[in-house]
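So the mapping is simple: the numbering used here equals the position in the sequence shown, first residue as 1, plus 584.
These notes are about the structure you will find just below.
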Amino acid sequence: RLLLEPVAAARGVAGPGDWSAARAALSAADHAADAAERSLANRAFHRAMYLGCGNPLLVRTLDDLRDQTALVAAAAWARRPSWEREAAEHRAILEAAERGDTEEVRDLMRSHISAFVARNFPEDEA
């Protein structure tokens, strides 16, 4: 995901860009009743960001990667809640997309994914 999603999101911003699905996903996450709803909203936000990349194969690949990592994210949030921080990161990504700033979207998405990995999978000391 770290290699593909930031580029796909930036490519989506370069297009006409309808961000209503991303805004709806952020609202759904803010009003989620439980972790399952929050996880679905998180997936919907990320998908809305890369859906307009213009490459159906890349979209399918990212959808598959998101499906494979959904349980990991849910387990990580249960162990170390970080949703508020991630929601703020999502808002910053969406704001950059709405401004049409492809480079900022790419950089923010990369940082967002990297920060999640660093928080939840620190390097082994062995």
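The beta carbon of each residue, even a glycine, is placed where N, CA and C say it ideally should be.
In this text the structure is predicted, and so the values were computed from the model without any measurement.
Exercise for the section: Below 7 Å CB to CB, which residues in the same chain sit around Arg-703 once its five sequence neighbours on both sides are set aside? Expected result: Cβ-Cβ distances below 7 Å link Arg-703 to Arg-664, Ser-666 in the same chain, with the five nearest sequence neighbours on each side left out; the list follows chain order.
Handout entry: Exposure label - Ala-672; buried when at least 16 CB within 10 Å
Key = exposed
Exercise for the section: Identify whether Arg-703 lies in helix, strand or coil by the three-state DSSP scheme. Expected result: helix
Practice task
Determine the contact status of Ala-625 and Ala-605, defining contact as a CB-CB distance below 7 Å.
Solution key: no
Exercise for the section: Have a look at Leu-646, Glu-707, Ala-676 and flag the residue whose alpha-carbon is nearest the alpha-carbon of Val-591. Expected result: Leu-646
Handout entry: Residue interval of the alpha helix (DSSP H) (run including Gly-636)
Key = First-last for Gly-636: undefined, no H or E at that position.
Exercise for the section: Rounded to whole angstroms, what's the CA-CA distance from Arg-683 to Asn-639? Just pull it up for me. Expected result: 22 Å
Exercise for the section: For Ala-594, name the three-state secondary structure that DSSP assigns. Expected result: helix
Exercise for the section: Just mark Glu-687 as buried or exposed, buried being the case when its beta carbon has 16 or more other beta carbons within 10 Å. Expected result: exposed
Problem - CB contact flag (Arg-650, Arg-622, <7 Å) - result: no
Exercise for the section: Starting from the C-beta of Ala-555, find all residues in its chain whose C-beta is less than 7 Å away, skip the five residues before and the five after it, and write them out in chain order. Expected result: Because the chain is modelled from 585 through 710, residue 555 falls outside the range shown and cannot be assessed.
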